[in-house]
Amino acid sequence: MTDLLAVEPLEAKTPLGPLFWACVAWLSLNVLAAILANLLPLQDPLFQNYSALNAGPSLHHLLGTDDLGRDIFSRIVFGSRISILVGIGAMFIGFGIGAPLGMLTAYRRGKFDHIVTTMMYVLLAFPAIIAVIAVLSFWTPRSILKIIIVIGAASIPLVYRVVRAASLSVATRDFVTAAKVQGASSLRILLREILPNITPIMVSFLLIGIASVVTLEGALAFLGLSVNPPTPSWGNMINESRTVLAQNPWLVLFPSLALCLFLLSLNFIGDRLRTYFDVSEVKL
Amino acid sequence: MIKYVARRVALLIGISFVISIGSFYLIHLLPGDPAVFILGTNDSPANRAILFKQLGLDRSIVTQYLIWIGHVLHGNLGISFISHNSVVSTIKAALPIDLEMIFLSQIVAFASAVPLAMRSARKPDGWLDRVLGAGSFTLLSVPPFIIIVLLVLFVSIKLGVANTGPASFVPLSQNFLVNLESLVLPSFTLSVGSFVVYYRVLRSDLIATLQEEFITMARSKGISARRIMWRHAFRPSSVALLGTAGVNIGGLLASGFVVQYLLAIPGLGYTLISAIDTSDYLLVQGIVLVVSVGVVFINFVFDFIINIVDPRISRE
Chain A
1 MTDLLAVEPL EAKTPLGPLF WACVAWLSLN VLAAILANLL PLQDPLFQNY SALNAGPSLH
61 HLLGTDDLGR DIFSRIVFGS RISILVGIGA MFIGFGIGAP LGMLTAYRRG KFDHIVTTMM
121 YVLLAFPAII AVIAVLSFWT PRSILKIIIV IGAASIPLVY RVVRAASLSV ATRDFVTAAK
181 VQGASSLRIL LREILPNITP IMVSFLLIGI ASVVTLEGAL AFLGLSVNPP TPSWGNMINE
241 SRTVLAQNPW LVLFPSLALC LFLLSLNFIG DRLRTYFDVS EVKL
Chain B
285 MIKYVARRVA LLIGISFVIS IGSFYLIHLL PGDPAVFILG TNDSPANRAI LFKQLGLDRS
345 IVTQYLIWIG HVLHGNLGIS FISHNSVVST IKAALPIDLE MIFLSQIVAF ASAVPLAMRS
405 ARKPDGWLDR VLGAGSFTLL SVPPFIIIVL LVLFVSIKLG VANTGPASFV PLSQNFLVNL
465 ESLVLPSFTL SVGSFVVYYR VLRSDLIATL QEEFITMARS KGISARRIMW RHAFRPSSVA
525 LLGTAGVNIG GLLASGFVVQ YLLAIPGLGY TLISAIDTSD YLLVQGIVLV VSVGVVFINF
585 VFDFIINIVD PRISRE
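If you're matching them up, the sequences are chains A and B in order.
All letters in the first sequence, in the order written, are residues 1 to 284 by the working numbering.
All letters in the second sequence, in the order written, are residues 285 to 600 by the working numbering.
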């Protein structure tokens, strides 16, 4: 995913456009619904209505019910909590450790930079998803916290690489030298000179990073390696649908749609922001 | 060049060493006595003795690693106490299926991405470029596990195409044609993700290359647009493509896991997930080790190919 960051040609600064704001609105709606799920007039996502098994969409069950008679709409809303929580949590860890480290090594350079960067490249060569599956399969019993920790740790080298590359191009510029000459402390330079200049690229990478983490969590849930049923998540709903595909296609279509729209919004906003900020501060 | 390759080989060995430590340490992540978990229901004094001999569980952790890596280097990953098969033979049976799936998917991905990227690059912002740009961006947000489920729903179930649904896999050695049929959906699913990435990377590189002076030169000599694309622009634009392809292989294995899991295709992914479900920890450890080293090795090979395509890289 980082490889995609560098490939788009830079465009002139154009307005963000209505599609961008539509994506922002959709994401906000998703997040709001996830936070307020308990307060919204939703049916219990675990309640099994045996008189409506595999029912199609109706007024009573907006998106229909699954093979156990549970309301799909309500399960999608509650399921989004897992995706959003894992996405934000893992990126919190990844950025919390990867970003300061990347800024510091880019600013300091020298031996410390060399050692850390080599180490990170060795870690990057390790296929992250296999490492994540491996650790989660041994580190039992699985919980959402462990999933966040494992995916977050796996994302550190990626974040480090992006932040270091961005900081590197800022750290050599004149205003940083000027600040140094004025006697500013390293901490001040890092926080006041470098950080504001790499914020745009960090934000866009953060959004695309969350999308990748949500995809990964979905795949893990699909393989049965994420949160345990009956707790709904988008991935395990799609997993559960595979045994009743013929009888109840709604059970796979709606969670898939929810997940894809969520990912599309994140990717689109991230991509738009990147071209909007022109990454000029970084690319110079 | 030799110096560059030597440095790369050293790095490869270093990374494999780190991976071996990681894979070795996995069984110590199990809460409590690893022997209890590994032996499962077969926990008897006799089996315990075999396991302790195999893994040296009663020794210090460094000695354990040395014993384990000694066995690994002799091609011995242990014998599963769940299925009673040797881990190496299980992996040998499963791996060709993954390789076949990846091979097929890459043929489809390259065969579609390269010509389409060339078409797009010839007229940036033309209708084809716009459609493919929006389409490939949208596909970036559709994970492989959704693609395969939807394909199974529409192709195998709604359209009723034979030999494409779950559990319809036939080994290559048994029936070539049916084997291909049963791998159409999985390979297509894997190819979608690769296509998107290859197309986008190659397109933007081609657009950049086509601005170069030697292309203008070639044009002014009256060389056909087609020949310019293939003979002059493609090679300098393919470095990033090859790099992406190398990195992409690791992702392909992972998407392969998902696809195999759904369709019950007995490749490494399906074997891995079944092993996790039956708590066959030695098998999980073996697969993790083999797959990780394999991915790193493939990256190494692609690095090497990139060097042949663009020798300037090793001179830096």
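All C-beta atoms, glycine included, are put in the ideal place defined by N, C-alpha and C.
Are the C-beta atoms of residue i and some chain B residue less than 8 angstroms apart?
i: A246 (chain A); result: yes
i: W139 (chain A); result: yes
i: S51 (chain A); result: no
i: L263 (chain A); result: yes
i: R89 (chain A); result: The sequence given here places Gly at residue 89 (chain A); Arg does not occur at that position. G89 (chain A) does not count as touching chain B.
i: S256 (chain A); result: yes
i: L273 (chain A); result: no
i: E8 (chain A); result: Caution is warranted here: a pLDDT of 47 is assigned to E8 (chain A), below 50, making its placement in the model unreliable, and the coordinate value is therefore given only provisionally. So, interface residue.
Let's test the definition: count the other Cβ atoms within 10 Å of the Cβ of residue i and tell me whether it reaches 16, buried, or not, exposed.
i: I391 (chain B); result: exposed
i: F498 (chain B); result: exposed
i: L461 (chain B); result: exposed
i: N583 (chain B); result: buried
i: T325 (chain B); result: exposed
i: S301 (chain B); result: Here the sequence assigns Phe to residue 301 (chain B), which means Ser is not the residue at that position. The residue in question, F301 (chain B), is exposed, as its Cβ has fewer than 16 Cβ neighbours within 10 Å.
i: S328 (chain B); result: exposed
i: T347 (chain B); result: exposed
i: D174 (chain A); result: exposed
i: F387 (chain B); result: exposed
i: A211 (chain A); result: buried
i: D271 (chain A); result: buried
i: S155 (chain A); result: buried
i: G87 (chain A); result: buried
How many whole angstroms separate the CB atoms of residue i and residue j, which I take to be in contact at a CB cut-off of 8 angstroms?
i: D44 (chain A); j: N54 (chain A); result: So it is not a contact: roughly 18 angstroms between Cβ atoms.
i: G553 (chain B); j: Q544 (chain B); result: 4 angstroms
i: I269 (chain A); j: V24 (chain A); result: 6 angstroms
i: V132 (chain A); j: L263 (chain A); result: Rounded, the Cβ-Cβ distance is 18 angstroms, inconsistent with contact.
i: I366 (chain B); j: D564 (chain B); result: 4 angstroms
i: G56 (chain A); j: I93 (chain A); result: Incorrect: roughly 41 angstroms between the Cβ atoms, too far for contact.
i: S475 (chain B); j: S452 (chain B); result: Not a contact, Cβ separation roughly 19 angstroms.
i: P127 (chain A); j: S576 (chain B); result: 6 angstroms
i: E193 (chain A); j: V176 (chain A); result: 5 angstroms
Return no unless some Cβ of chain A is closer than 8 angstroms to the Cβ of residue i.
i: V398 (chain B); result: no
i: G410 (chain B); result: no
i: F541 (chain B); result: yes
i: F429 (chain B); result: yes
i: I334 (chain B); result: no
i: G324 (chain B); result: no
i: T473 (chain B); result: no
i: L379 (chain B); result: no
i: P315 (chain B); result: yes
i: N447 (chain B); result: no
i: T562 (chain B); result: no
i: T603 (chain B); result: Here chain B has residues from 285 to 600 only, and residue 603 (chain B) is not among them.
i: P297 (chain B); result: The sequence as given places Ile at residue 297 (chain B); Pro does not occur at that position. Taking Cβ atoms only, chain A never reaches closer than 8 angstroms to I297 (chain B), which makes this a no.
i: A538 (chain B); result: yes
i: G264 (chain B); result: This structure does not reach residue 264 (chain B), given that chain B is present from 285 up to 600, and the question cannot be answered.
i: V415 (chain B); result: no
i: L456 (chain B); result: no
Report the rounded CA-to-CA distance for residue i versus residue j, giving the unit in angstroms.
i: L191 (chain A); j: A184 (chain A); result: 11 angstroms
i: A446 (chain B); j: F472 (chain B); result: 16 angstroms
i: V439 (chain B); j: R596 (chain B); result: 47 angstroms
i: A42 (chain A); j: L36 (chain A); result: With the sequence shown as reference, residue 42 (chain A) is identified as Leu, and Ala is not the correct amino acid for it. In a straight line, the C-alpha of L42 (chain A) is about 10 angstroms away from that of L36 (chain A).
i: G218 (chain A); j: R510 (chain B); result: 43 angstroms
i: V239 (chain B); j: A377 (chain B); result: Any property of residue 239 (chain B) remains undetermined from this structure, which presents chain B solely from 285 to 600.
i: I303 (chain B); j: V122 (chain A); result: 10 angstroms
i: M285 (chain B); j: I299 (chain B); result: 21 angstroms
i: L400 (chain B); j: L29 (chain A); result: 37 angstroms
i: G417 (chain B); j: L469 (chain B); result: 24 angstroms
i: N228 (chain A); j: G98 (chain A); result: 30 angstroms
i: L526 (chain B); j: V398 (chain B); result: 12 angstroms
i: M119 (chain A); j: L158 (chain A); result: 12 angstroms
i: V485 (chain B); j: L547 (chain B); result: 31 angstroms
Examine chain C for any beta-carbon lying closer than 8 angstroms to the beta-carbon of residue i, and answer yes or no.
i: N583 (chain B); result: The structure shown contains no chain C; its protein chains are A and B.
Worksheet item: Does the stretch 92–110 of chain A come within contact of the stretch 547–561 of chain B, defined as at least 3 CB pairs closer than 8 angstroms?
Response: no
Worksheet item: If we count Cβ pairs, one from each stretch, closer than 8 angstroms, do we get three or more for the stretch 193–206 of chain A versus the stretch 158–178 of chain A?
Response: yes
Worksheet item: Would you call the stretch 289–299 of chain B and the stretch 243–252 of chain A in contact, with 3 or more CB pairs under 8 angstroms?
Response: no
Fill in: Segment contact, 8 angstroms Cβ cut-off, at least three pairs: the stretch 584–592 of chain B with the stretch 524–534 of chain B
yes
Discussion item. For the stretch 331–343 of chain B against the stretch 351–363 of chain B, do three or more pairs of beta-carbon atoms, one drawn from each stretch, fall closer than 8 angstroms, so that the two count as touching?
Written reply: yes
Worksheet item: For the stretch 226–239 of chain A against the stretch 72–80 of chain A, are there 3 or more C-beta pairs whose distance is under 8 angstroms?
Response: yes
Worksheet item: Is it a yes or a no for the stretch 130–144 of chain A touching the stretch 304–317 of chain B, going by three-plus beta-carbon pairs under 8 angstroms?
Response: Judged by Cβ distances under 8 angstroms, the stretch 130–144 of chain A makes contact with the stretch 304–317 of chain B, as three or more pairs qualify.
Worksheet entry | Inter-stretch contact (C-beta, 8 angstroms, three-pair minimum) for the stretch 93–104 of chain A and the stretch 249–266 of chain A | no
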